[in-house]
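Note sheet for the following structure.
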Amino acid sequence: MIKEELEKIRQEAQEHIAQSDTLDRINEIRVSVLGKKGSLKEILKGMKNVPAEERPAVGQMVNDVRVQIEEAIAEAQKTIERRVQEQRLAAETIDVTLPAKRLPMGHSHPNVIALKEMERIFIGMGYEVIEGPEVERDYYNFEALNIPADHPAKDEQDTFYINGDILLRTQTSSTQIHAMESGRIPIRMIAPGRVYRSDAVDATHSPTFHQVEGLVVDKGITFADLKGTLDDFAKKLFGEETKTRFRPHHFPFTEPSAEMDVSCFKCGGKGCSFCKGEGWIEILGCGMVHPHVLEMSGIDPEVYSGFAFGVGLERIALLNYEIDDMRLLYENDVRFLKQF
Amino acid sequence: MNTPISWLKAYVPELACTDKEYNDRMTMTGTKVDGVSRLDKNLEKIVVGRVLSIEKHPDADKLIVCQVDVGMETVQIVTGAHNVFEGALVPVVLDGGRVAGGHDGGPLPENGIKIKAGKLRGVPSAGMMCSVEELGSDRNAYPEAPEEGIYIFPEALGPITEEETVELARAGKLDSEEARAMHPVEPGMDAVELLGLRDTVFEYEITSNRVDCYSLLGIAREAAVTFGASFVEPDVTPAEDEQGDVNDYVSVEVKDPDLCSRYIGRVCTDVKIGPSPYWMQRRLAASGIRPINNLVDITNYVMIEQGQPMHAFDLDTVADHKIVVRRAQDGDMFQTLDGQMRQMDHDVLMICDAEKEIGIAGIMGGENSKITDEVKTVLFEAATFNGPNIRKSAKRIGLRTDSSGIFEKGLHPTSAEAAVNRACQLMKELGCGTPVKGMVDVCEPIPDQVRIPFNAREINAFLGTHYAPEVMLDIFAKLEMDYDIEKEEVIVPYFRQDVKAMCDLAEEVARFTGYENIPMTLPGGSSVMGGLTVKMRIQDKAREAAMFNGFSEAMTYSFESPRVFDRLLFAEDAPERRAIRISNPLGEDFSMMRTTPLHGMLTSLSTNYNRRNKDARLFELANVYIPKALPLTELPDERSMFCLGMYGEGDFFVMKGVIEEFFEMAGMHGKMTCDPKAGKPFLHPGRQALVQYEGETMGYFGEVHPDVANGYSIGGRAYIAVIDLENVIPHTSFDYHYTGIAKYPAVSRDISMLVPRDVMAGQIEAVIAQRGGRILESYHLFDIYEGKQVREGFKSIAYNLTFRNREKTLEEAEITAAMKKILNGLESLGIELRS
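Residue numbers (our numbering), protein chains in the order written: chain A, 4 to 343; chain B, 377 to 1211.
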């Protein structure tokens, strides 16, 4: 009797469970079958009519049915939960092509990007980065660099003077003298900084711009070392495939002097409008430190030699990032800066 | 320096290379070619034609129809030019040919103008007769060309080389029919060649040390060594058959030998002014100098060839035939030969005669001694003036001439002699005059030739090369440097004033063995620690902090107008106004070294605002220049300022946040405080603060005063911050110290307060921090309200406090005690607790 009833409860419960599609419905089934007033509890109430010797067997039967139903419920619950989750996830689908949310980061100045690149390269070669005063004594800007009082380079039209002795430096080369006067040899330094020339503002001129000076002084420094160092620098800055060309030139404070060209990074040296058909682009001036300059700064040219170079930072920035007007660098339009 | 290659070849006859080769190799030995222009660019199928007949155009009054013999055939050409006549020899561009430009002489089109046969008003025309403008030239190069219309060739060119002229002169036939008939011009000949346009002009960038290369001979020497060709210098030794004695014609006195180390005078008599020969005109024209007459052309020719400017006086205008070289007197007025009156001063050197000033030395002659076509006797001046003095004088007078441009480089006294002799030689050769024997030469002692000890090993060690001594000596020999084998010294020729020491010899070796053949090595020896200075690292931290917060890096000028202080509402006696002035600025707007970075930043914000950029956040690491004393006797303090500016999104507290973040990143972990009494006139009086750290002022920030913002046309609220990095640096650190993550739980308490309106959060925080004791871990303001629900004169503020003991679990009693101390402290500020 009980056995049939149990079987019926089991069958009915399993059928109901199979038909359920919500967790609520499953719960109702659990309550109606396994709950305090559920059908299984009702059956157990009839246990008192079961002869004592059969009770364990019947009890076992009831238990089996309960376990089976619990398992079915758990199974069904899992299925429904999975389905519900699937539905929720499906509903939560987003348009991944919508715009990103970004922190409004600021941007670097092109000059600074170029400067940091150069610093990185030279620090890697063991160079110190130093700086010197922009408002400078005539001696450091000119005389100590082999540019005596009557030299055309000293002409007032190029130099801003504060008074007869103090001026705005026209070149970072003045830092060479400070480095040499410090008396610490060997020297391997670069010195970035602002310089001033009396040029009216236009697309290619600015009365203030930046240079990066370089100086190496030690025993046995050669012109070959100068070439090797700057060739290495050019390859690191413009790419491994870059070729360099050193042309004779003149600077009062170096001898021999040179200008370094790099193979055009647009056409690779074949000649294009960017390099004006030359295949080469002028990058920097350099040379062996003039022995007289060493001497004036208290370094014995019989023992030591050195090389120096100067790079126009704006020139590198304009070339490298293809900026066609120098004025953009000092206007600070955020639409310009955002591109860097 | 612009010169045609054809002229250069007169001194380097073996030179044979393409324009490109010449360009490249000269550039690589140090004579940089800055421009190359082929004179026959876009000139195709242009021949000489002879106009046989001219008829009126049937349908157009302004046109004529010409039959033109172009050699192999006769073609019909319709033209609007009316200077042609029957028998005229003209340049004709044939059907399918090309000319360089239009007849108006405007800018030349890149690919010229193609000429095709066609009809003009119904009449066929098989080509075009050309003006010099259409040939890409102008009347400066061909002064004989008509102002408007077709170029007309002479029937013959006459002597076309210097050699032909010399030969004719020797035979006394210069002025003969035979001479004039040389090189007849005939129909069908290459008109471009006859016009001297089969040539290339090179423009050189000469470095300031190579005074010798401001002459064609100097460049020719370089070219000869570069290409291994021989250099043929004109022989300027005066002819033996010269007559008379120059001292009978002129005397010279130099009163200021410091400004004139040599003055040579030579005289030519029987002067006959006329056009110079074809070859001289073509060479000058291609060098950009307009041919004038034989005498003027000779001085110009010598200036280019020898690099020595000269001056020619009409000796009959020189009072007492006496030249005196002396300084001008302050205030002297002098009329130069361009007709201008100019004021002189004591540092200007003048050429005078016995009575008056007749020229400004090295710059320009005077109107009063100008050569006219009636001149009979010419005095040539070739002098050596002090270069710097000429440069400064030319600048002061405001008159820079070709002549002063060369003198200012500093000529060697030897070149004066060669030049004046060359000029007299040409006078004779060209039949322009008869040189009188001898020269008046007032000369300071000429410096000895420079001798440099030669040591090949030393040069190799300097260059990093291994050249044999013979290789080096061979180069020196080609450069006309003698070698004293006994003394092992190189003797430098006078024209190489730039060669003074071993390093200069090394340069010559490097140039002519090729810079490209020097190996590439890296410096050996002891290595050095590289890296940035502390200041640069702090500047990089500032950059990071600013950029993380949306500020982009700006750069502005270091000089500005002194008027910015008024725009920034600075008081008359504000210390910022004590600024360094530039004595020769580009203008008032660039005349003062900034003492604050405000103007640059506000200008940049203004630029952005007025270009309708919605938001702008900028920062600059700006140097300011603070004088220690004015006028400047020692160098100023250059201080690096971290300046931030913004408008649009964001407010005062965003700015404050950036500064806090920067301090944090720079290792300044203490509390930054704000003092509202910043006293900055350019900031909103109620929205400004001094930034303080460990009791010292680091800078300030705030909202830009509306009057200032207005002055810069910035609408809306703008904010600015200025942090003095020199003040910040002593407080920064790159050290990190780990303190362990707390194991014991924290307890949090909220305090809600009714605060008198003028009590600031900073005061409350000071009380909390001071009285919270060791167990107070942190506190933060989480609510602030002022308004209707709050009693008049008060504001409601709520803080959350976190307590923690790092060693053990907190006990209630500890917290209560700390809270009590804090609350007592707050009450003493007049604060009431809200329930």
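Each residue gets a CB set at the ideal place from its N, CA and C atoms; glycine is no exception.
Remember, predicted model here, so these are calculated numbers, not experimental data.
Assigned secondary structure, residue i (DSSP; H/G/I helix, E/B strand, else coil)
i       : result
B:L1205 : coil
B:Y1069 : strand
B:Q619  : strand
A:H110  : coil
B:A502  : coil
B:L496  : strand
A:S176  : coil
B:G594  : helix
A:C270  : coil
B:M1074 : strand
B:K761  : Rather than Lys, the amino acid found at residue 761 of chain B in this sequence is Phe. Strand at B:F761.
B:C800  : helix
A:R18   : Here residue 18 of chain A turns out to be Glu, not Arg, going by the sequence shown. A:E18: helix per DSSP, three-state reduction.
B:K1047 : coil
B:A781  : The displayed chain sequence assigns Gly, not Ala, to residue 781 of chain B. Looking at B:G781 - three-state DSSP - the assignment turns out to be helix.
A:T211  : strand
Other residues of its chain near residue i: CB distance less than 8 Å, five sequence neighbours each side excluded
i       : result
B:V460  : V427, I430, I440, C442, V466, M505, G525, I526, I528
B:V626  : G641, V643, L691, V694, H697, K698, I699, L755, V816
B:V561  : V424, L465, F529, P530, E531, A532, L533, L570
B:R1133 : E1162, G1169, F1170, K1171
Supposed contact pair residue j and residue i - C-beta distance, whole angstroms, cut 8 Å
i       : j       : result
B:I1090 : B:M1074 : In fact, because the Cβ distance is near 25 Å, the residues do not count as touching under 8 Å.
B:I958  : B:F935  : 6 Å
B:V1131 : B:F1170 : 6 Å
A:E137  : B:E1014 : 6 Å
B:L981  : B:P1057 : B:L981 to B:P1057, Cβ: 18 Å. No contact.
B:D416  : B:L573  : 5 Å
B:G807  : B:D551  : 6 Å
B:F1179 : B:A1194 : 6 Å
6 Å CB neighbourhood of residue i in its chain, flanking five on each side removed
i       : result
A:L331  : F339
B:A998  : P973, M1017, C1019
B:P1144 : According to the sequence shown, residue 1144 of chain B is Ile rather than Pro. Contacts found: Y1155, I1198.
A:D221  : P189
B:G741  : H687, L713, G735
B:Y398  : none
B:R414  : T576
B:G512  : A476, G477, L484
Contacts around residue i, its chain only, beta-carbon distance under 7 Å, and the 5 residues preceding and following it disregarded
i      : result
B:E390 : A605, S606
Item to check | Contacting positions in the segment 224 to 237 of chain A - beta carbon closer than 8 Å to chain B | outcome: I224, T225, F226, A227, D228, K230, G231, T232, D234, D235
Item to check | Residues, ordered as in the chain, of the segment 120 to 138 of chain A that lie near chain B by beta-carbon distance below 9 Å | outcome: E122, F125, I126, G127, M128, G129, Y130, E131, V132, I133, E134, P136, E137, V138
Checklist entry - Listed in chain order, which residues of the segment 245 to 270 of chain A have Cβ atoms closer than 8 Å to some Cβ of chain B? => result R248, F249, R250, P251, H252, H253, P255, E258, P259, S260, A261
Item to check | Within 8 Å of chain A by C-beta, residues of the segment 997 to 1018 of chain B in sequence order | outcome: N999, Y1001, P1007, L1008, L1011, P1012, E1014
Item to check | Contact residues within the segment 96 to 123 of chain A, judged by C-beta distance below 8 Å to chain B | outcome: Flagged, chain order: L106, P107, M108, G109, H110, S111, H112, N114, V115, E122.
Item to check | chain A contacts from the segment 901 to 928 of chain B (Cβ-Cβ distance under 9 Å) | outcome: G901, S902, S903, V904, M905, G906, G907, L908, T909, K911, M912, D916, R919, A922, M923, F924, N925, G926, F927, S928
Checklist entry - Using a beta-carbon distance cut-off of less than 8 Å, what residues from the segment 311 to 340 of chain A approach chain B? => result Flagged, chain order: L332, Y333, E334, N335, D336, V337, R338, L340.
Next on the checklist: Taking beta-carbon pairs under 9 Å, can you tell me which members of the segment 56 to 74 of chain A lie near chain B?
Outcome noted: none
Checklist entry - Is the number of C-beta pairs between the segment 739 to 758 of chain B and the segment 643 to 656 of chain B that are closer than 8 Å three or more? => result They touch, by the three-pair rule.
Item to check | Where the segment 38 to 50 of chain A meets chain B: residues whose CB sits under 9 Å from a CB there | outcome: none
Item to check | Interfacial residues, the segment 968 to 986 of chain B to chain A, with Cβ spacing under 8 Å | outcome: Listed in sequence order: M969, S980, T983, N984.
Checklist entry - Listed in chain order, which residues of the segment 879 to 892 of chain B have Cβ atoms closer than 8 Å to some Cβ of chain A? => result C879, D880, A882, E883, A886, R887, Y891, E892
Next on the checklist: Closer than 8 Å is the cut-off here; do at least three beta carbon pairs connect the segment 853 to 864 of chain B with the segment 895 to 913 of chain B?
Outcome noted: The way I'd put it, the segment 853 to 864 of chain B doesn't touch the segment 895 to 913 of chain B; fewer than three beta-carbon pairs between them come closer than 8 Å.
Checklist entry - If you pair each beta-carbon of the segment 920 to 930 of chain B with each one of the segment 95 to 115 of chain A, do three or more pairs fall below 8 Å? => result yes
Next on the checklist: Using a Cβ-Cβ cutoff of 9 Å, what residues of the segment 277 to 289 of chain A are near chain B? List them in chain order.
Outcome noted: none
Item to check | Members of the segment 567 to 585 of chain B near chain A, C-beta cut-off 8 Å | outcome: T583, S584, N585
Item to check | the segment 762 to 769 of chain B in contact with the segment 779 to 787 of chain B per 3-pair CB rule at 8 Å | outcome: Contact annotation: the segment 762 to 769 of chain B touches the segment 779 to 787 of chain B, with at least three C-beta pairs closer than 8 Å.
Checklist entry - Closer than 7 Å, Cβ to any Cβ of chain B: which residues of the segment 181 to 210 of chain A, in chain order? => result P189, R191, R197, S201, A203, P210
Checklist entry - Is the segment 211 to 230 of chain A close to the segment 305 to 312 of chain A, with three or more CB pairs under 8 Å? => result yes
Checklist entry - Is there contact here, the segment 648 to 656 of chain B with the segment 718 to 733 of chain B, by at least three beta-carbon pairs under 8 Å? => result no
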